[in-house]
Structure formats: C-alpha cells, structure tokens
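Peer 1: One structure, as structure tokens, below. Some questions next.
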Ligand SMILES: [Zn+2]
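What follows is the structure, given as structure tokens:
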C-alpha cells in the first residue's frame, strides 16, 4: 500500500519547502515539492489532498500515567463544574449510566462553587443510590467518599476522617486504595485503551509510561506495554520507578517488567502544590522545607548499579534541594564507576523544576536528559500563580528554566504528566514560547524538536522523531492557519513568513491564536486516528 499526500506543508529537515510525501507500507518513501509530486501520483495506490494542512512527525509525550489518564477520562471531570449542585447532578447521571458500578468524580475545587464547601457522604449516597463514589479534590490530597466506600475501606474513624465524609491523610489513603483495588483487569485495559486513543487523537505517536510501586502495579505496567505492542495506537516506552543497589538487581528488574529503565517517578521529593517538593529556603506560605525521600547515597547506589547494567536511571525531582541531592548522587556515582559509564547509560530526570546553573552544568557534563512539563509553567507559573504563592515571586519566576537548560546543551523532552495536565503537545510548545519568565522562552522550533526528537532521545534512541526517507511513517496532519518562522534573535517579537528563510514554518503560537487541529495520526504506516470527513 502506498499513499501520496500532496498540496500541504511537510515539516522535514531534508526539505524546508516540501509540500508532499509518499508513504509506502510502514515507511516514508519520498518527500518533496509539488512538481515532483505529480510524477508520483500515478504510481501510488492512493492520493490524499492535504488542502494546505501541515504534516509533522508525531509527538512524544515523555511523562504519562496511562491507566490513571483513562480512569480520569472515563470518570466525571468536575474541574469546570460551576456549583456543588451541578457536580452532584453530574455524579448522579454517571451513576445511573454505570448501573451500580463505582464512580470516579475528580478535580473539584470548592472555591469555585457558590456553596463554598465540599460534598458530603450523604449527598454522594443520594446521587449514587448508595453506590461506591470516590471524589478526589483537584490536588488529589483529599477526597469525599460515599458511605459504601467509607465502609469498604475502613476509612471511618481513622486519622484524617471527617464525619462529613471528607478524608485526608491515612483515611484518604485507605479510601483510595480500596477504590483502586476494585478496578478489574478489564477496567484497566479499557482505561489504557481510552488513554492511548486520546494520545493518538492529540497527534502523539509515543508515550513514556511511568509506573512505580507507590503509584501503580506490575500488572498495570504490563497492560500498558501490551497495548503499545498491539501496533494499533501509540507506541509505549515503559519506565519503572524502583530503587536498586546493585547491577544484577537492575538487570533483573528491567527484565521482569519489560521496562526501558529504572526511572520516572522514583521520587526524590514531592510537589510544590502540596508543599512536599524539597526546597533550600522554607516555603513562603508555611514554615517547611518540604520532604526529601532519597539520600545522596541512595541516588549514588541506584545510578551506579543502573550505569553498570547499562540501564537508564532517573528520578522525579522538583525542588532545588532535591536537585542538589540528585546531582550530588550522580557525581558520586561518576566517581564510583567512571563518568563515561554514567554518560553511556543516558540517565534522565523528571520535572527538574528548580535547577541552578551549577546543577545544569553538572547534568550536561554527565549526559543527563531533562523530561519537563511546560504546561506546569502555563498553569502555575508567573508572579501571581500557585508557585509564587508557595515560594514567592522570585523563586517562582526562576522555575522551569527551559532556556537555561537548552542553552547549556541539555537534551530536553517535553511531556504532560497526564492526568495532571492533558495530552496537548501544541499547548506545551506554546507554553515554552510564552514562558512566564521572558528570559526562559525558547523558540517554537526548539520546543517542537524537544517534543519530537527530544522524546526519542530521552528514551535512548537518537534517530527517530523526524520526517525523512526510510524513517517510520509516524506523522500527524494538522489543519493550521498561516505558518510562520520565528526570527531567532527577537524571540517572539518577530515572525517571518518569508520562504527564503530556509526553515520550515510552524503554526502561529502567539497567545490567542487558534491551535492546530489534528486531522489524522498515522503510526508506522497505520492510521490510528482520523477526523471524520477531514481528509478524502
Ligand atoms: Zn508522574
């Protein structure tokens, strides 16, 4: 089967003026201009008129929790509910549709409701006809549970239990565990499929799944890997966040889980929102430094073991003090087993929100990749955002320093941390271009590369994520407005539509501009998402 796509724009480093592409089987067979495309039209099985659409390589989302994402997608999203009454009515509708099966209703915030309070168990019991309802708040650190879930989990009366049905701390953990224990293998498969379908629809061709003993399970990871192997959706690279102390344990663990590395959400600290990210100076709104979950020695031993085994190691690391610990551990490992051995294993860090110049230099020296979430800056950055409330404006503006990292030569991969933020690659690129801190803005082109090739590189594969002859035919087709080339010197101030710049254009990502709409996603020659009626 061969297909000629013509009459659009093909974003390829081999030809900045390309308008057409031929796909034969799983591979890209040709890329070029309109004149030459005419010569291919008769030789192919099918011709698709792009009608001015943009063809890009599929994106890589480097930080994904696949089954959790599917659970959220299937559940009741209350983030845009305008009142408690509306939230309860949505839960009732879902409970009826689910015919007695458990209901997951998430992301509520009582501050957005005129009632100004959380739901109660009694209200959930009425809405669900006495069913199981788990209703985590937007920060996921507290929840309201129905009486049935309170009883089944034994949360009632434990630390953090409120008579209204609100649960925190131990009571919350019990309720959450009981809810998750009720998820059957069939539910899990459905959640994974739903999430991967959403990824395909967002133009994503590869997800990095991050499982860990404290987050998910080996069965969960296996389900995600198996779904990726089916070949009818995005590819999957899996990471397992579990600490090891010796080389053999590292080998055994990656083999047992089919994982690419012992990295991901292996937590050196927590998060800024919950004041558990480990920071050098105390939080601005509470006298705490956050939590340190790993010591320099633990980091060192893990990195040494993984490096010797040729396995990628990595950590979830957010606060500046946690970054310091991880960098010290990496340096100690380099002393122990040799810097070259550490570099060869291509370790990676997740989030890396507060590295200073010294940390960045040390990480670049050791060949460490950064897997970052620009949507976090868009959601919580700036002088008036959640980061500033927690840490003060000065530290908030210094967070997520993508330009400093890129300028120092650090290899960046972008991701969403879904379900924390949704699959949304163009939004991530836009967040880089419009970073709250003007000094940390990078060009759309750099961000685009980080969201495509950068993701493959972070997974240890250098020659994927761009459109070229012989490459796997993994691409997305976008309906776009004008394509522009960002002038390198003026950052976002100047845009060029001059084709003589010799650089392929990207969509206009200035604030307020319409983002590209995905028309089709093709992965290794197979169409995995097709917007109805868009391409004929
Ligand atoms: Zn994560």
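Residue numbers (our numbering): 3 to 538. Glycine included, each C-beta is placed from N, C-alpha and C at the ideal position. Computed from a predicted model, the values in this text were never measured in an experiment.
Within 10 Å of its beta-carbon, does residue 65 have 16 or more other beta-carbons around it, so buried, or fewer, so exposed?
Peer 2: buried
Peer 1: Apply the 10 Å Cβ neighbour rule to residue 277 and answer buried if 16 or more other Cβ atoms are within range, or exposed otherwise.
Peer 2: buried
Peer 1: Tell me, please, which residues DSSP counts as bridged to residue 520.
Peer 2: 480
Peer 1: How do the stretch 30-38 and the stretch 142-161 stand: do at least 3 beta-carbon pairs fall below 8 Å, yes or no?
Peer 2: no
Peer 1: Listed in chain order, which residues are found with a beta carbon closer than 6 Å to a heavy atom of ligand 1?
Peer 2: A distance filter of 6 Å between CB atoms and the heavy atoms of ligand 1 selects the following residues in sequence order: 65, 67, 212, 267, 419.
Peer 1: In the DSSP assignment, the alpha helix (DSSP H) including residue 458 goes from what residue to what residue?
Peer 2: 455-460
Peer 1: Mind listing, in chain order, the continuous alpha helix (DSSP H) runs of no fewer than 4 residues lying wholly within the stretch 270-311?
Peer 2: 298-311
Peer 1: So for residue 382, helix, strand or coil by DSSP?
Peer 2: The DSSP-derived three-state label of residue 382 is helix.
Peer 1: What does residue 93 pair with, by DSSP beta-bridge criteria?
Peer 2: Beta-bridge pairing links residue 93 to no other residue.
Peer 1: For residue 431 and residue 453, which I take to be in contact (beta-carbon distance under 8 Å), what is that distance rounded to the nearest angstrom?
Peer 2: 6 Å
Peer 1: What's the gap between the Cα of residue 301 and the Cα of residue 255?
Peer 2: Looking at the two C-alpha atoms, the distance is approximately 17 Å.
Peer 1: Within 10 angstroms of the Cβ of residue 72, are there 16 or more other Cβ atoms? Answer buried if so, exposed if not.
Peer 2: Residue 72 should be labelled buried.
Peer 1: With DSSP as the reference, please indicate the residues paired to residue 210 in a beta bridge.
Peer 2: Per DSSP, the beta bridge partners of residue 210 are 239.
Peer 1: So what does DSSP say about residue 428, is it helix, strand or coil?
Peer 2: Secondary structure at residue 428: helix, using DSSP grouped into helix, strand and coil.
Peer 1: From the DSSP output, in three-state form, read off residue 418 for me.
Peer 2: coil
Peer 1: Give me the residue from 50, 219, 284, 528 with the minimum Cα distance to residue 258.
Peer 2: 219
Peer 1: Quick check on residue 238 - is its C-beta less than 9 Å from some C-beta in chain B?
Peer 2: Any reference to chain B falls outside this structure, which holds one protein chain only.
Peer 1: Using alpha carbons as the reference points, say which of 18, 4, 402 lies closest to residue 508.
Peer 2: 18
Peer 1: Determine the direct distance from the alpha carbon of residue 361 to that of residue 538, and round the result to whole angstroms.
Peer 2: 51 Å
Peer 1: Taking contact to mean at least 3 C-beta pairs separated by less than 8 Å, is the stretch 386-399 in contact with the stretch 458-477?
Peer 2: no
Peer 1: Any idea if residue 84 is buried or exposed, counting beta-carbon neighbours within 10 angstroms, 16 or more meaning buried?
Peer 2: With fewer than 16 other CB atoms across the displayed protein chains lying within 10 angstroms of its CB, residue 84 is exposed.
Peer 1: Given residue 94, which residues of its chain have a CB within under 6 Å of its CB, disregarding the five upstream and five downstream residues?
Peer 2: Here the set comprises 129.
Peer 1: Mapping the DSSP letters down to three states, classify residue 407 as helix, strand or coil.
Peer 2: helix
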